[in-house]
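**Student:**
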Amino acid sequence: MSQWNQSQKYFEHLLNDNINKDDLPWIEHSLGQINRWKGNWLEAKEYYNHAYDRMMKDEVNCEKNCAIILCDIGEILHLQGKYEEAYEYHEKALTIRKKYYPSFDHPHIATSLENIGLIYYQQLKYKES
1 MSQWNQSQKY
11 FEHLLNDNIN
21 KDDLPWIEHS
31 LGQINRWKGN
41 WLEAKEYYNH
51 AYDRMMKDEV
61 NCEKNCAIIL
71 CDIGEILHLQ
81 GKYEEAYEYH
91 EKALTIRKKY
101 YPSFDHPHIA
111 TSLENIGLIY
121 YQQLKYKES
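For what it's worth, full-length UniProt numbering labels the leading residue of the sequence shown as 1, then goes sequentially.
1) Please confirm if the segment 101–113 is in contact with the segment 81–88, defined as three or more CB-CB distances below 8 Å between the two stretches.
2) Below 8 Å on the Cβ atoms is my contact criterion, and I expect K64 with I96 to pass it. Report the Cβ-Cβ distance as a whole number of Å.
3) DSSP three-state call for S7: helix, strand or coil?
4) At the level of alpha carbons, what is the spacing between Q123 and L113?
5) With a 10 Å radius around its C-beta and 16 neighbouring C-beta atoms as the bar for buried, classify N20 as buried or exposed.
Right under this line is the structure:
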């Protein structure tokens, strides 16, 4: 656990002292990841939401990068047992990813499909999964 705490302190320092605004969403995303791995799901979701909001302001890469955040928020909701809400986030991420990666053999598409399948499986909807 101490390595997660060290990483968290490092990224919190970067968040507070960073002058490159382009890095801020990824720093917040990293803090969300750390909190997710530590089991602090509410804090993780908060950081993911901040990262998502910042990314949406970036006109160049916002949509493609936001799919990563949407997927991570979906994973938090899945861990919390909020399957319907998690499904919505994973479906949004999948829709975006299909737009940028039209081939179904891309790893990001596979990740989204796997996450949706796991939600169906948790809900005992085996045919859909």
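Quick reminder that beta carbons are idealized off the backbone N, C-alpha and C, glycines included.
**Tutor:** The structure says:
1) No, because fewer than three Cβ pairs between the segment 101–113 and the segment 81–88 fall closer than 8 Å, the two stretches do not touch.
2) Indexing the sequence shown from 1 puts residue 64 at position 64. Indexing the sequence shown from 1 puts residue 96 at position 96. Between I96 and K64 the Cβ distance is about 7 Å, and since that is below 8 Å, they are a contact.
3) Looking up residue 7 in the sequence shown gives position 7. Helix, per DSSP.
4) Mapped onto the sequence shown, residue 123 falls at position 123. Mapped onto the sequence shown, residue 113 falls at position 113. Taking the straight line from one Cα to the other gives about 15 Å.
5) The residue given as residue 20 occupies position 20 in the sequence shown. Per the 10 Å Cβ criterion, exposed.
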